[in-house]
Amino acid sequence: MNVKLIFGIARSLLLARLGQTLVAAIGVAFSIAMFVTLLGFMNGLNDLLDGLILNRTPHVRLYNEIKPSEDQPINSASGYKDSYNFISSVKSGISRQEIYNSGPITEALKNDPRVLGVAPKLTAQVFFNEGTIDITGVINGVDVEEEMRLFKFRDYVTAGSAIDAKNIANSIVLGKGLAEILAADIGDVVQVTTVQGERFPLKVVGYFQSGIQEIDKVQSYASIVTTQKLLGKPANYITDIQVKLNDLNMAPAVAKEYEQKFGIDAEDIQTANSQFETGSNVRSIISYAVGITLLVVAGFGIFNILNMMIYEKMDSIAILKATGFSGRDVNRIFLLIALSIGFFGGVVGLIAGFGFSVIIDNIPFNTAALPTIKTYPVNYSPIFYFIGGVFSIITTYLAGFFPARKASKIDPVEIIRGK
Amino acid sequence: MQQTILEARHIQKQFHDPVTVQVLTDITFSVNKGEFVSVIGKSGCGKSTLLYILSTMDTDYTGELLIDQELMTGQSDAQLAHIRNEKIGFVFQFHYLLNEFTVLRNVMLPGLKLARYSEQEVEHRALERLKMLGIEHLATKEAYRISGGEKQRVAIARALINDPHIIMGDEPTGNLDTKNSEHVFEIFHELAEVHNQTLLIVTHDQGFAERSGRIIEMEDGRIIRH
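Order-wise, the sequence lines are chains A and B.
Each residue of the first sequence is one higher than the one before, counting from 1 in the UniProt record's numbering.
Each residue of the second sequence is one higher than the one before, counting from 1 in the UniProt record's numbering.
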């Protein structure tokens, strides 16, 4: 089969109607560009919104929940072993929030190949004293370095330095909202009263801004050592172990496994934040739907133009057939025309789409709620470009299929005699 | 014994739309190599219809058609296209050049399709044929920029590119003035005399037909003289 000849004829037919060809190709390019840009932008936003919560949420959280004991004393009494015991008005006991054996558990977790990292944590309920008023708040005692590595802690510390919480003794990183209430600047000392009634001065080394106002008004961070000192607890006292996994999707299974293995409560991220996945999925579906609609419209444009071209080229098709080109050759010529429009339109569209994405990526986007975001977010995942490219070829192939078949079925005798 | 190039055996054709009309009835004849045959007859006598059957483009008939002693009837579309490409050259009343190409490229296309020779050789052969017809100076012009008489000569050059067994013409002079008609006839005549080229030309130009080697006259779908 003379591929080169078929290419040459297709090229000549295309170039003979350069204007039409360009219109068709621009249609494809435009829809592909929009498709890629839309998906990139939408997914950028998705990532941003998900990241807001997901970045700072452990995939699995190990802790002791305050709840009534499952094993009530009567169940241990030998006389009532086989009976069904009804106990009314059960209260939660003074169970310790501390995680037993936190050291060995942490070691075991660190050796698990599925685990990306482990960060211990303890929380302390406190009152911040500002003159005569007391403001309730929570101090999270964290391993600052691990927190920065696993949960992007540094990104959320908008003023001051995150690592100072570790390096300076008795220091604290205040939530932005809390700092405003306390009117505390960096370098100031704030007074904290623990639930046990002890008073403690802490030096402010930074502001923390999560993007969620309610959190910023209550939460603050300090090093584990400082928090332990605050609570008057020994150095092995922690209340939470935060686990980040290599694969987020394994969290539910892993949480269940740890629960049994360590005899502890474990909560996975999917259970804690199920609404986020739903939102992301719906946004993705919408952007795909819009993108595909654009492509279908462009496909109809190509279909029309090819149909018109075939009508115009009846004579040429007839003469090609009379001089020895078969229906298959003619079919290939027109399919090739459609595919070249799709290919070049697609390539230009992908480049333009990338360009639009870069432009959007550089538009300033400042909002008090999102301290780490300076411009609109865009996701440059190659998958979108791949889908866009494949789609441009598929739609143009489908758009060219029927006109090409029509051209291949043209009866040269009718055309030649019909004059 | 002359070599038979084209042979028709009992060819019949009917049109069914809107009513059944017998267009061709029991057409049987043969053409030998080197013959210059004219087919004449009044409008509507079926001579063009016959030509399209003989050229393998119309396959809706009964009877048998042989080209180069090979049976054409019942062959597939692709095979027939190949046979047209290799063995038959066409000249039509309307010139039917491809306007997207240059004159040279138009002449080359059937040769490139056949791919018997390399592209350079096909180009060389195309130029040879243009020179033979005295129009090599047009080679690089766009096909739609030349005159009607020139177009017809280009079409003849294209018909000759693959050294066909037979050249078929459907009123090749029908759309030309006297001077150009004369020129085209002379080309055909020379092809037949000098190059021993077989020609089968449908025409209603009595003068043209009388000067050709052999006349087949048709009336109402039958051959009445051959």
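The beta carbon of each residue, even a glycine, is placed where N, CA and C say it ideally should be.
Distance between A:G345 and A:A25, taken at the CA atoms: about 4 Å. No Cβ of chain B is located within less than 7 Å of the beta carbon of A:A404. Look at the beta carbons and you see the region 201–214 of chain A not touching the region 96–108 of chain A: under three pairs across the two are nearer than 8 Å. Straight across, the Cα-Cα distance linking A:L230 with A:F200 is about 7 Å.
Between A:F127 and A:N55 a beta carbon distance of about 29 Å is seen, past the 8 Å cut, so the two are scored as non-contacting.
In the three-state reduction of the DSSP assignment, B:R222 falls in the strand class. In this structure, A:F35 lies near A:G291, with their beta-carbon atoms less than 7 Å apart.
Secondary structure of B:L98 (DSSP, three-state): coil. Look at the beta carbons and you see the region 182–202 of chain B not touching the region 399–408 of chain A: under three pairs across the two are nearer than 8 Å.
Taking the CA atoms as reference points, B:L6 sits about 16 Å from B:D58. At a cut-off of 3 residues, the continuous stretches assigned as beta strand (DSSP E) that sit fully inside the region 177–202 of chain A are 189–194. Around the Cβ of A:F41, a 10 Å sphere holds 16 or more other Cβ atoms; the residue is buried. The DSSP-derived three-state label of B:I167 is strand.
Put simply, of A:L398, A:G389, A:E259, A:I319 the residue whose alpha carbon is nearest the alpha carbon of A:I99 is A:E259. In the structure shown, B:H204 falls within a coil segment according to DSSP collapsed to helix, strand and coil. Flagged as an interface residue toward chain B: A:S326, by a C-beta distance shorter than 7 Å. Neighbours of A:R417 in chain B, taken as residues at a C-beta separation under 8 Å, are given in chain order as S48, Y52.
Contact with chain A is absent for B:R153, since none of that chain's Cβ atoms lies less than 7 Å from the residue's Cβ.
Annotation for A:D247: R114 place their beta carbon closer than 8 Å to its own, counting only its chain and skipping 5 residues before and after. With respect to the C-alpha of A:G117, the residue from A:E130, A:P377, A:E147 having the closest C-alpha is A:E147.
Residue burial is scored here from C-beta neighbours: B:Y52 has at least 16 other C-beta atoms within 10 angstroms and is therefore classed as buried.
Residues of chain A with a Cβ closer than 9 Å to the Cβ of B:L71 do not exist; the shortest Cβ-Cβ separation is about 19 Å. Rounded to the nearest angstrom, the Cβ distance from B:Q93 to B:G174 is 4 Å, consistent with a contact under 8 Å.
DSSP, reduced to helix, strand and coil, places A:Y258 within a helical segment of the structure shown. The continuous alpha helix (DSSP H) containing A:G342 extends over residues 327–362.
Judged by DSSP in its simplified three-state form, A:S392 adopts helix.
The beta carbon of B:L176 lies closer than 7 Å to those of G148, G149, Q152, V184 in the same chain, with the five residues before and after it left out. Listed in chain order, the positions of the region 309–322 of chain A with a beta carbon within less than 8 Å of a beta carbon of chain B are D315, S316, A318, I319, L320, K321, A322. The beta carbon of A:L38 is closer than 8 Å to those of S287, V290, G291 in its chain, skipping five residues each way along the sequence.
Look at A:S408: its C-beta is not under 7 Å from any C-beta on chain B. With a contact defined as Cβ atoms closer than 8 Å, A:A165 and A:V144 qualify at about 5 Å. B:A139 places its beta carbon less than 7 Å from that of B:V103. No Cβ-Cβ contact shorter than 7 Å links A:Q20 with A:I333. For the region 74–160 of chain B, the continuous alpha helix (DSSP H) assignments of 4+ residues that do not extend past its boundaries occur at 77–87, 103–114, 119–132, 148–160, in sequence order.
Of all residues in the region 106–121 of chain B, only L109, P110, L112, K113, L114, A115 come within less than 8 Å of chain A when Cβ atoms are compared, listed by chain position. Judged by DSSP in its simplified three-state form, A:I99 adopts coil rather than helix or strand.
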